[in-house]
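Notes for the one structure printed next.
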Amino acid sequence: MIVNFAGTGNVSKFFAKILSDDFDIRFVISRKREKAKAFVGWLGKGQGISYDDLSALEGIVFVLVPDRCIRQVYDVLKEKAKEGTVFIHASGYLPSSIFQDADSKGWGRASLHPNFSFSDFQKALERRKDIIFGIEGNKSGIESCIKIVNLISGKYVVIPEDKKPYYHLAAVVAANFLVGLAYLSKRLYEISGVESVPTLHLMETTVENMKKIGIEKALTGPVARGEKEIIRKEGEIFEQVFPEYVDLYWSMVKVLKEVKRHGCH
Numbered sequence: 076m077i078v079n080f081a082g083t084g085n086v087s088k089f090f091a092k093i094l095s096d097d098f099d100i101r102f103v104i105s106r107k108r109e110k111a112k113a114f115v116g117w118l119g120k121g122q123g124i125s126y127d128d129l130s131a132l133e134g135i136v137f138v139l140v141p142d143r144c145i146r147q148v149y150d151v152l153k154e155k156a157k158e159g160t161v162f163i164h165a166s167g168y169l170p171s172s173i174f175q176d177a178d179s180k181g182w183g184r185a186s187l188h189p190n191f192s193f194s195d196f197q198k199a200l201e202r203r204k205d206i207i208f209g210i211e212g213n214k215s216g217i218e219s220c221i222k223i224v225n226l227i228s229g230k231y232v233v234i235p236e237d238k239k240p241y242y243h244l245a246a247v248v249a250a251n252f253l254v255g256l257a258y259l260s261k262r263l264y265e266i267s268g269v270e271s272v273p274t275l276h277l278m279e280t281t282v283e284n285m286k287k288i289g290i291e292k293a294l295t296g297p298v299a300r301g302e303k304e305i306i307r308k309e310g311e312i313f314e315q316v317f318p319e320y321v322d323l324y325w326s327m328v329k330v331l332k333e334v335k336r337h338g339c340h
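Everything in the sequence shown is counted per our numbering, starting at 76 for the first residue and increasing by one.
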C-alpha cells in the first residue's frame with residue numbers, strides 16, 4: 076500500500092521509519108522542498124516535494140502538521156487526491172471530521188493518536204511496542220489505522236467522535252500535568268536542601284505501585300492516613316512557596332480524598 080506524509084516532524088519520522096519496510100513510501104511533502112528532501116535522504120525512501128510540486132495523491136496520506144494547520148493542508152491535498160485515498164492525522168484533540176468532505180467523496184478519514192511523548196524520537200522507536208493508540212474515524216479510516224497499529228504495537232482503542240475531547244484531556248492530565256507537578260516537587264526539594272532531587276524516582280515508584288495494585292489503592296501519605304494537621308500545615312508551606320498556586324494544593328487534597336474513598340471499596 077502507498078503511504079504519503081505531509082509534515083516532517085518527529086511523528087512523521089516515527090511512522091515513516093516503522094512503516095517503510097511494509098509500505099510503499101511515495102511522497103514526503105513540506106512547504107519547504109529542501110526539508111522534504113532532507114527527510115527522504117534520512118529515510119532512504121520516497122520523493123521529497125513541496126505542496127506546489129504535487130500532481131496526484133493516492134493511498135494513505137498522513138497529515139502530520141500542527142493542529143491549527145490540518146484543515147488548511149487538507150484543503151490543498153484533497154485537490155490532488157484519487158479515489159480510495161485515506162487521510163489520517165495524529166491530533167489527540169481534533170476529530171477526523173476536520174477532513175470535512177471526505178465521506179462525500181468516498182475517502183477514508185481517521186485520527187490516529189499515539190499515547191506517547193515524541194520529544195525523544197529515538198525513545199519512541201525503542202518503546203513502540205508499548206504505545207497504545209487512540210483511533211477515531213469512518214470505516215475505511217479505522218480499518219487502515221488498525222493495519223498500521225498492528226505493525227507497531229497491536230495496542231489500540233477505538234473512540235467515538237463525540238468522546239474525543241475527553242480522551243485527549245485524559246492524556247493531558249496524565250502526561251502534561253505530571254510535568255507541572257514534577258516541577259513543583261523539584262522546587263520544594265531544592266528549598267529543603269536535598270542535592271540529589273528524588274522527584275522522578277518517587278514518581279516511578281508510585282507508577283509501579285499503581286500498575287501492581289491499581290490507581291485507587293496506590294495512594295499513600297497524609298491524605299491516605301487522614302492526618303488533618305499535617306495537611307493543614309503543609310498547605311500553609313505550599314502557599315508560602317507558591318502563593319499563586321495555593322488553590323491547586325487544596326484542589327488536589329480534595330481529589331485525593333475522592334481517590335481514598337474509592338480505594339476503600
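All C-beta atoms in this analysis are idealised placements derived from N, C-alpha and C, irrespective of residue type, glycine included.
Exercise for the section: Kindly provide the ranges of any alpha helix (DSSP H) runs that are 4 or more residues long and lie completely inside the segment 216-274, ordered along the chain. Expected result: 239-246, 253-267
Handout entry: Heavy atom of the ligand FMN within 6 angstroms of Lys155 beta-carbon
Key = Summarising the ligand content, the structure contains no ligands, and the ligand FMN is consequently not present.
Exercise for the section: Kindly indicate the opening and closing residues of the alpha helix (DSSP H) around Phe89. Expected result: 85-94
Practice task
State the Cα-Cα distance for the pair Ala165 and Gly301, rounded to the nearest angstrom.
Solution key: 43 angstroms
Problem - Simplified DSSP state of Ser105, which is helix, strand or coil - result: strand
Exercise for the section: Count the other C-beta atoms from every protein chain shown that fall within 10 angstroms of the C-beta of Phe252, then say buried if there are 16 or more, exposed otherwise. Expected result: Label assigned to Phe252: exposed.
Exercise for the section: Output the distance between the C-alpha atoms of Arg184 and Val86, rounded to the nearest integer angstrom. Expected result: So the two alpha carbons sit approximately 18 angstroms from each other.
Practice task
Have a look at Leu129 and Phe114 and give me their C-alpha separation to the nearest angstrom.
Solution key: 17 angstroms
Handout entry: Straight-line Cα distance separating Arg336 from Val103
Key = 52 angstroms
Problem - Endpoints, the beta strand (DSSP E) within which Arg184 is located - result: 183-189
Handout entry: Whole-angstrom C-beta distance between Leu152 and Val136, which should lie under 8 angstroms
Key = 6 angstroms
Exercise for the section: Compare the C-alpha of Phe174 against each of Asp150, Phe196, His188 and name the closest. Expected result: Asp150
Exercise for the section: Compute the Euclidean distance between the alpha carbons of Leu371 and Gly338, then round it to the nearest angstrom. Expected result: Given a span of 76 to 340 for the chain in the structure shown, any question on residue 371 remains unanswerable.
Exercise for the section: With DSSP as the reference, please indicate the residues paired to Ser125 in a beta bridge. Expected result: Ser105
Exercise for the section: Reducing DSSP to helix, strand and coil, say where Asp150 ends up. Expected result: helix
Problem - Spatial neighbours of Ile206 in its chain, beta-carbon cut-off 8 angstroms, leaving aside the 5 residues before and after - result: The beta carbon of Ile206 sits closer than 8 angstroms to those of Pro189, Asn190, Phe191, Ala199, Ile227, Ser228, Lys230, all from its chain and outside the five residues before and after it, given in chain order.
Exercise for the section: Using beta-carbon positions only, say whether Arg143 and Ser125 come within less than 7 angstroms of one another. Expected result: no
Exercise for the section: Could you tell me which of Phe193, Val282, Ala156, Arg203 sits nearest to Lys180, measuring between CA atoms? Expected result: Nearest option by C-alpha distance: Ala156.
Practice task
Measure the alpha-carbon distance for Pro273 versus Val254 and round it to whole angstroms.
Solution key: Rounded to whole angstroms, Pro273 to Val254 spans 14 angstroms at the Cα level.
Handout entry: First and last residue of the uninterrupted alpha helix (DSSP H) at Ala165
Key = Here Ala165 belongs to no alpha helix (DSSP H), and DSSP marks it neither H nor E.
Practice task
Report the option in Asp97, Glu133, Ile210 whose CA atom is closest to the CA atom of Ala81.
Solution key: Glu133
Practice task
Along the beta strand (DSSP E) that carries Glu211, what are the first and last residues, could you check?
Solution key: 208-212
Exercise for the section: Would you give the residue range spanned by the alpha helix (DSSP H) that Phe313 belongs to? Expected result: Boundaries of the alpha helix (DSSP H) around Phe313: 303-316.
Handout entry: Other residues of its chain near Lys110: CB distance less than 7 angstroms, five sequence neighbours each side excluded
Key = Thr83
Problem - Where the beta strand (DSSP E) through Ala81 begins and ends - result: 77-81
Practice task
Locate the alpha helix (DSSP H) running through Val350, then write down its first and last residues.
Solution key: The requested residue 350 does not occur in the structure, where the chain is confined to residues 76 to 340.
Problem - beta strand (DSSP E) segment containing Phe137, residue limits - result: Counting along the chain, the beta strand (DSSP E) containing Phe137 begins and ends at 135-138.
Handout entry: Own chain residues within Cβ distance below 8 angstroms of Ser264, not counting five before or after
Key = Note that residue 264 is Tyr in the sequence shown here, rather than Ser. Once the five neighbours on either side are set aside, the close Cβ partners of Tyr264 are Val272, Pro273, Thr274.
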